[in-house]
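Okay, structure first, notes after.
Protein chains: 4
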Amino acid sequence: MPISTETQHDGLSILSRFSEVRRFTEYLMEPLEIEDYVVQASPDASPMKWHLAHTTWFFERFVLTPFSPAYRPYDPRFDHLFNSYYETVGKPFPRSARGWLSRPTVKEIWGYRQYVEEHVEKLLLDNSTPLHSVWPALEIGIHHEQQHQELMLTDLKYNFYVNPLEPVYRECASRQARPNTNNSFEWETFDGGLVEIGHDGQGFAFDNEGPRHKLWLEPYRLASRPVTNGEFLAFMEDGGYHEVSYWLSDGWTTVRREGWRAPLYWEQIDGEWYYFTLSGMRAVDEREPVTHISFYEADAYARWAEKRLPTEAEWENAFASCKIKGNFAETRYYHPCADETGGVESVYGDVWEWTASPYVPYPGNTPLEGALGEYNAKFMANQMVLRGGSCVTPASHIRPTYRNFFQPDKRWQFSGLRLAEGC
Amino acid sequence: MPISTETQHDGLSILSRFSEVRRFTEYLMEPLEIEDYVVQASPDASPMKWHLAHTTWFFERFVLTPFSPAYRPYDPRFDHLFNSYYETVGKPFPRSARGWLSRPTVKEIWGYRQYVEEHVEKLLLDNSTPLHSVWPALEIGIHHEQQHQELMLTDLKYNFYVNPLEPVYRECASRQARPNTNNSFEWETFDGGLVEIGHDGQGFAFDNEGPRHKLWLEPYRLASRPVTNGEFLAFMEDGGYHEVSYWLSDGWTTVRREGWRAPLYWEQIDGEWYYFTLSGMRAVDEREPVTHISFYEADAYARWAEKRLPTEAEWENAFASCKIKGNFAETRYYHPCADETGGVESVYGDVWEWTASPYVPYPGNTPLEGALGEYNAKFMANQMVLRGGSCVTPASHIRPTYRNFFQPDKRWQFSGLRLAEGC
Amino acid sequence: MPISTETQHDGLSILSRFSEVRRFTEYLMEPLEIEDYVVQASPDASPMKWHLAHTTWFFERFVLTPFSPAYRPYDPRFDHLFNSYYETVGKPFPRSARGWLSRPTVKEIWGYRQYVEEHVEKLLLDNSTPLHSVWPALEIGIHHEQQHQELMLTDLKYNFYVNPLEPVYRECASRQARPNTNNSFEWETFDGGLVEIGHDGQGFAFDNEGPRHKLWLEPYRLASRPVTNGEFLAFMEDGGYHEVSYWLSDGWTTVRREGWRAPLYWEQIDGEWYYFTLSGMRAVDEREPVTHISFYEADAYARWAEKRLPTEAEWENAFASCKIKGNFAETRYYHPCADETGGVESVYGDVWEWTASPYVPYPGNTPLEGALGEYNAKFMANQMVLRGGSCVTPASHIRPTYRNFFQPDKRWQFSGLRLAEGC
Amino acid sequence: MPISTETQHDGLSILSRFSEVRRFTEYLMEPLEIEDYVVQASPDASPMKWHLAHTTWFFERFVLTPFSPAYRPYDPRFDHLFNSYYETVGKPFPRSARGWLSRPTVKEIWGYRQYVEEHVEKLLLDNSTPLHSVWPALEIGIHHEQQHQELMLTDLKYNFYVNPLEPVYRECASRQARPNTNNSFEWETFDGGLVEIGHDGQGFAFDNEGPRHKLWLEPYRLASRPVTNGEFLAFMEDGGYHEVSYWLSDGWTTVRREGWRAPLYWEQIDGEWYYFTLSGMRAVDEREPVTHISFYEADAYARWAEKRLPTEAEWENAFASCKIKGNFAETRYYHPCADETGGVESVYGDVWEWTASPYVPYPGNTPLEGALGEYNAKFMANQMVLRGGSCVTPASHIRPTYRNFFQPDKRWQFSGLRLAEGC
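These protein sequence lines map, in sequence, to chains Y, F, H and A.
For what it's worth, my numbering labels the leading residue of the first sequence as 3, then goes sequentially.
For what it's worth, my numbering labels the leading residue of the second sequence as 3, then goes sequentially.
For what it's worth, my numbering labels the leading residue of the third sequence as 3, then goes sequentially.
For what it's worth, my numbering labels the leading residue of the fourth sequence as 3, then goes sequentially.
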């Protein structure tokens, strides 16, 4: 599948989009101390300075190097240090050792960012290279940086969480639900039949979102909102973490090995449940969507509730036409909200929703040519698809066809679930 | 999905089927020394005596205990020792420690088998319990024992393989292809469209095979035979195990960690390739289907060949009406054969074929009630489906709808691949 | 240090000694089922059939191969399979995989033993090789087989222990203490000063026991008997396993990682303590020496008791002149005894006593030449010395200068402790 | 052994000593970027900011808390964060996670240091507490901080080493040997006999250095200088890392597992050997003492050279009366020097010398009372003694009786060896 690109671009408008995304990265880093950029508390939670450098390396490697013949790398050694996993363009520095590097300093990395930005700007404005050849990789780079904006917040949350000092990223008021909110949910029915999902090639999409293709769906129902903390607490209080029959075999092994008895970041203090947020420790709000659960926990909850998870096709078929609005990174809560309204009108944002679908290629899918083909395709094993974006996803990054994916035991993302059932 | 059962059974015909399967287990064990029953060279490769006892425990636990009120267990401690993974009916003895148990002796286990068989016989013939209530669990038990017949041979092969003395299970001549065999293959084309797959409930099937359901297939082609050793050697010689771009990320990690450079059981001696078989070491026959490869290797081969693996729906849609004949356990080669004919007329047997499909429930699927629901359902994560049966599968055990499943890094099964492509 | 050898040997008397030891091995194996020879429940607990073959290999490798030019190995592949750790004479088969080998069968291994014995016999009687050149290696081989007699019993105990069926090796009555036994102990005082320890070269000793050398000891006291189960229970009941201040740092790490709260083989049932013995489960006898404790536990107990462990020099200086009598393998209890008398008259047997001394070479020590130098010398790191022999040591195997050694976390040997203090 | 303390102290002179040591810590940190304080590239190599805080915590915990009743901790949570391993005064934060903590910031830790210093100053000068009661713990704290000065440099070296950018700590010229230096060494002979070693209680010593005690030494010889890089290269070129017979069993296992083929920090580039130093990569200087080798490598080298390592008693008996001068941290080379003179006149500094002695208590030794007893005593298992101090040891920190100790596989300290032999 050739990647879809928007037509009719001029250098200035591209540059403006590029700048906007780069500035948002800077905004996200504003509250940090230099030390906060360095640490990596798990192989999954990369250091902030690595994210800053890697997103910049992406433009250097895939835009400047191929399209700007006179470009001279800022530091040739960065090509090794800040390559994440592109094996076909070099030897990536080991992921789990990213937190061992005190150098380059944060200041140097900001310098690297500026240097590369200036060269991208020059490339876009000097007319020596046709924009239509630069744009595909540049556009991916912009979306790539947005992906990492989300990862920066999820990784920072984890890196702060392991610290007994419980650092606060930003003091954000949580959005209060109206006191008399009716917190129940509706079942929405969908007819199914021979439907189509997947990206049709109009506008940007990652290579794993297409091609648009037919599939058959039996009639089904979806809950009008994700499962809440209150509902998940009922599962916990009913012994959900201790009853083997709710769990997939691999899930049960994980529960016992890790000693899970609540979502990640939850802590029980004097009988009350609290969780760590990017604004510090807070009492659990029962009306918010539950988050920081693994696929295994989402699946076990659904089995306990005598329902199931939706497939990604059911999800997309139901919500493709919904407006993309909701609680995203730009809302600046950095935490799911207790929603007043619910309903399929607000399916995007708040929490990524685990689906029942393993992450595999769509029929007829072809990855991008060259190293960028490694972006998505090589992870198509042992991962599950999540849909809808979260409270730390940039709003302009999400699409109805967007396929996020993680291993079924991961919990550090803002991941939740929505119930489904057959008709 | 209620499990399908055959109608109109009388006790004698059931008993005859039961006996036939039990006798075949005994036949398979005939060549063994007592010591051969004891060892377990990996967590996957259970001891033979464990298989003998576990398949017997299955009848005790799911047939005699519920349906024969007067039945007194042979030894109550066996319920712990020989439970494989049924967490809801007790605490299974740890899988990786099965090879630590010298007792009960092989002789005692044969006694256990006889004791349970006599009680099953009594239950079937004394008319105190209606056969239609006994039959569903008994039928599963019979198919369960057939599954373990296959596992006994695959596990024995592994347990012999680690031994530098290279023990021979049975001296079997390999089936010779006719010298002038044309070893090329054809592409068979299938129209796809709105098709149905899955078991329709007529006759026996495992609970994961149904319900029969609609799905949409784009037109596709399948190779008329599995990939051969000769073809796989070409991949190896082309550097397939050393070129990252052919591999899924998890596959590449596995290749490097395990040092894979050939299928399991292959060894290079003075530049020539040999493999260990149940009849000892042999020179690799290039015309045979390649086997003992993981999903990762199957997938990498397909990418190298610029093709792909079929989905399980494509496979079943193509071959559902083929006659089930081929090289099975009863053929007594215990090794894939260099086939003279090929073609879709002989798709069953020889090697299990990895598909591109993760093992997930079919739409509308419901596992069996109670502990037998653990049989298949709880493994629906991180595994891939294989189709078609192998040279150590009992012929009467396989069906067009049969879904075998293993983790993508497993190689000790007789697993191979067939190429597919879109039209 | 040249190994000491007895002078004036004739072939017949040597053969008689050789036969006597070989027959005792056979006696020890008598109660076993074939399956009992095969299993290995931990890397430490080798299969019985491996012990039988390895002790035979030792004679083949170090006696027949060098001294019997016409000797043809029973099976050349055994040189790899049954080499324990002699890296300079080949590549030993991995220790932790000894339990993966079903072949050679037990019967074949008995055949191997007989074959090698006949050739040793021929070598001793046919006068073609001078006995004084054969004898040093043969004598080591005899003592080596005695070492393995002890290991066979300790390993068998462990391999039986992991089996929920609790197999019994031999039904042995425990020796009853006289009812009115006074179970207290005395402190024996030793002057120390400039003393000598180590083997003087008269008669057989391992190469690690010499040379005899001077050292200075401050005056000290030793308990007249080892610590008993009753005393160790007091430590346990006083929270000994939960109080960090009694433990070496590595010991505390081990206690927490392994979850230790009692010696190996102990189990609490309805508030009472039992232990697994070679005669099955028994209630703990408080008057017996405590056994199956690690160095860490011995050391922690001594610190709790406000005493210390003796050094090996203190031990040998105190007990070198004591008669070697006590509860050994020949007593056929295979378990420490509740002793009626105590006192330094019975310091040998019952339990190996952990000392405070790391296992290092004596001043001026030289290992044997060649591969036999690997016998003891290469283990002189990270191990502690034990003294005195145990209830499964052959009586004729022990000497006052005998240095046994194990890693400080090992518990599967019959290891206990004796208290010491300064004056 | 009661810890020895210097008599006749007044508050001002104590304060001056305290300040001097604290200032040297600051000097050592001067070249660092903030990021350099944060990282921890192995569990052994703690972050610089952790060292700064921990050495301060030591004074807070063992001086201010017990002796300054009005003292209010800077931040009570630091008692958990900066406790290294004192289990009896709280729960230490896990060692391997020290590099996960971005907070407190470096600036806050400098604030913590100042706060505690001011309170120590006040305590020393305000006469409310008798100095003789404060001094013992304060004196240990001063020596403790010196120990960490050495660790800061060794840990920083490791943390810089893993970084492909090869950061330079300080550009230090290496001391050049005079061109015509005779680099051979002499054998110094010592009579031995009944000698005494250990600290006699006059002046400061750690609790593991006493009591002074008698022991017997056979006559022996020591090399007049440590083994050089040139000599060690000869061992390497003779296949030392590949020949099993030179190695202890645990050492050989380590060599193969870790793939060692040279000392830590060595790298071969185009056939030439280089090593990473605190001043960057440099060509190996053959005349310098070899360093960054494990005990296993030191022991293997000695065996290859047909010599042995000295015991710590031999070392101390030989060098107790030598003047303490040489290449220490104050010399500011931070690297061993190619020495012009050699001889027993300069045995201190340059490299810690592995001895043949396991780290065990001296006869009659008693650890300090209370938590400070954990300082040294609980590590007396599985470690080997090193003597003499290194090029990063503060000169005033070393003593003839000083016993350093590390596990035999550790290489990140400046550790080398000196040969010994019997007479």
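Quick reminder that beta carbons are idealized off the backbone N, C-alpha and C, glycines included.
{"query": "Does I36 of chain H pass the burial test, meaning 16 or more other C-beta atoms within 10 Å, or should it be called exposed?", "result": "buried"}
{"query": "So for K412 of chain Y, helix, strand or coil by DSSP?", "result": "coil"}
{"query": "With H, G and I counted as helix, E and B as strand and the rest as coil, what does DSSP make of K93 of chain Y?", "result": "coil"}
{"query": "N85 of chain Y CB to nearest chain A CB: under 8 Å?", "result": "no"}
{"query": "Counting only Cβ pairs nearer than 9 Å, list the residues of chain F close to T107 of chain H.", "result": "E35, I36, E37 and D38"}
{"query": "For T90 of chain H, decide whether its Cβ has a neighbour in chain A, counting only Cβ atoms nearer than 8 Å.", "result": "yes"}
{"query": "Taking the alpha helix (DSSP H) that M238 of chain Y falls in, what are its first and last residues?", "result": "N231 to E239"}
{"query": "Given that L224 of chain F touches chain Y, what residues does it touch there, using C-beta distances under 7 Å?", "result": "Chain Y residues near L224 of chain F: none, gap ~15 Å exceeds 7 Å."}
{"query": "Does any CB atom of chain Y fall closer than 8 Å to the CB of R79 of chain A?", "result": "yes"}
{"query": "Could you check the C-alpha separation between F474 of chain F and L83 of chain F for me, to the nearest Å?", "result": "Look at the range of chain F in this structure, 3 to 425, and you will see that residue 474 of chain F is not part of it."}
{"query": "When the distance is taken between beta carbons, is T230 of chain H closer than 8 Å to E188 of chain H?", "result": "no"}
{"query": "On a Cα-Cα basis, can you pick out the residue from Y:N406, Y:A422 and Y:D352 that is closest to C393 of chain Y?", "result": "Y:D352"}
{"query": "Give me the Cα-Cα distance between M3 of chain F and E198 of chain F, rounded to the nearest whole angstrom.", "result": "Per-residue confidence for M3 of chain F stands at a pLDDT of 32, beneath the threshold of 50, marking its modelled position as unreliable; the derived number appears in the next sentence. Cα to Cα, M3 of chain F sits roughly 16 Å from E198 of chain F."}
{"query": "So the candidates are F:T368, F:T293, F:C425 and F:I16; which of them puts its Cα closest to the Cα of G143 of chain F?", "result": "F:I16"}
{"query": "Comparing the C-beta of G366 of chain F with each C-beta of chain Y, is any distance below 8 Å?", "result": "yes"}
{"query": "If you run the structure through DSSP and keep just helix, strand and coil, what is R389 of chain H?", "result": "strand"}
{"query": "Quick one: residues in its chain with C-beta nearer than 7 Å to the C-beta of F60 of chain A, no 5 flanking neighbours on either side, listed in chain order?", "result": "G143 and H146"}
{"query": "Classify G345 of chain F as helix, strand or coil using the three-state DSSP reduction.", "result": "Unreliable positioning characterises G345 of chain F in this predicted model, as indicated by a pLDDT of 47, which lies under 50. The coordinate reading is nonetheless provided below. G345 of chain F falls in the coil class under three-state DSSP."}
{"query": "Output, in chain order, the set of chain F residues within a Cβ distance shorter than 7 Å of D252 of chain Y.", "result": "A383 and N384"}
{"query": "Using 10 angstroms around the beta-carbon of T255 of chain F, count the other beta-carbons present and answer buried if the total reaches 16, otherwise exposed.", "result": "exposed"}
{"query": "So, do the stretch 41 to 53 of chain A and the stretch 98 to 111 of chain A have three or more beta carbon pairs nearer to each other than 8 Å?", "result": "yes"}
{"query": "For H337 of chain A, name the three-state secondary structure that DSSP assigns.", "result": "coil"}
{"query": "Which value, in whole angstroms, describes the spacing of the CA atoms of E423 of chain H and T313 of chain A?", "result": "25 Å"}
{"query": "Thinking just about the alpha-carbon of each residue, which of H:E274, H:F278, H:Q148 and H:Y76 is nearest to the one in T57 of chain H?", "result": "H:Q148"}
{"query": "Comparing C-alpha positions only, which one of Y:C339, Y:P68 and Y:A322 sits nearest to D202 of chain Y?", "result": "Y:A322"}
{"query": "Any Cβ of chain H within less than 8 Å of the Cβ of Q409 of chain F?", "result": "no"}
{"query": "Taking only the alpha-carbon atoms, compute the straight-line gap between G366 of chain H and Y267 of chain A and give it to the nearest angstrom.", "result": "35 Å"}
{"query": "Helix, strand or coil, according to DSSP, for A320 of chain A in the structure here?", "result": "helix"}
{"query": "Report the residues of the stretch 162 to 173 of chain Y with a CB closer than 7 Å to any CB of chain C, ordered along the chain.", "result": "Among the protein chains of the structure shown, namely Y, F, H and A, there is no chain C."}
{"query": "For chain H, find out if any of its Cβ atoms is closer than 8 Å to the Cβ of K380 of chain A; answer yes or no.", "result": "yes"}
{"query": "Just list the residues that DSSP pairs Q270 of chain A with in beta bridges.", "result": "A:W275"}
{"query": "With 16 other CB atoms within 10 Å as the buried threshold, where does E376 of chain H fall?", "result": "buried"}
{"query": "To which residues does DSSP link L219 of chain H through a beta bridge?", "result": "H:G195"}
{"query": "Closer than 8 Å, CB to CB, is L280 of chain A near chain H or not?", "result": "no"}
{"query": "Grouping DSSP H, G and I as helix and E and B as strand, with all else coil, what is W249 of chain F?", "result": "coil"}
{"query": "Less than 8 Å between the beta carbons of L419 of chain H and A300 of chain H, yes or no?", "result": "yes"}
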